[in-house]
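Engineer:
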Amino acid sequence: MAYNKTLAEKVRNLLQENQGLSEKQMFGGLAFMLNGNMACGVIGEELMVRVGPDHYQEALAERYTRPMDYTGRPLKGMVYVEEDAVAEDLDSWVNRGVQFAGSLPPK
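The sequence shown begins at 107 in the working numbering and counts up one residue at a time.
1. Taking the alpha carbon of TRP199 as the reference point, which residue from LYS111, GLN163, VAL117 and ASP160 has its own alpha carbon closest?
2. With three or more beta-carbon pairs closer than 8 Å as the criterion, would you say the stretch 140 to 150 touches the stretch 164 to 171?
3. Just reading off the beta strand (DSSP E) that GLU129 is part of, what are its end residues?
4. Tell me whether GLU152 is buried or exposed, calling it buried when 16 or more other Cβ atoms sit within 10 Å of its Cβ.
5. In or out: GLY147 buried (at least 16 other Cβ within 10 Å) or exposed?
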């Protein structure tokens with residue numbers, strides 16, 4: 107599966123100041139890792155954000171989000187963020203993923 111390279115570049119630019127940033131091909135797209143923990147990614151045309159289990163329902167209550175169900179079953183703590191929300195507030199969504207990944211011990 108191809109991913110939106112323009113969106114990936116925007117995310118990359120937002121994350122470039124973070125220590126421990128790496129990229130990895132995952133879920134048929136591109137995942138952005140902080141100290142070995144996935145923060146967010148680009149799958150197809152959508153942003154995927156790892157918000158964690160404590161903020162999962164809160165994230166799903168927002169417009170333009172849905173459960174990440176890449177495997178056919180929702181992955182708790184991860185949401186897809188549609189293009190409209192990304193256009194409005196990419197920085198905020200990426201920061202949510204960074205905050206969660208930063209709360210985990212390095213791998």
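The C-beta atom is built at its ideal place from N, Cα and C for all residues, glycine as well. All values derive from a computational prediction rather than experimental measurement.
Structural biologist: Let me lay it out:
1. Residue numbering aside, residue 199 sits at position 93 when the sequence shown is read from its first letter. Looking at the Cα atoms, VAL117 is the closest of the given residues.
2. They do not touch, by the three-pair rule.
3. As a working mapping, residue 129 is identified with position 23 in the sequence shown. 127 to 132 is the span of the beta strand (DSSP E), which, as asked, contains GLU129.
4. As a position in the sequence shown, residue 152 is number 46, starting the count at 1. Label assigned to GLU152: buried.
5. On the sequence shown, residue 147 is found 41 positions in, with the first residue counted as 1. It is buried - the Cβ of GLY147 has at least 16 other Cβ atoms within 10 Å.
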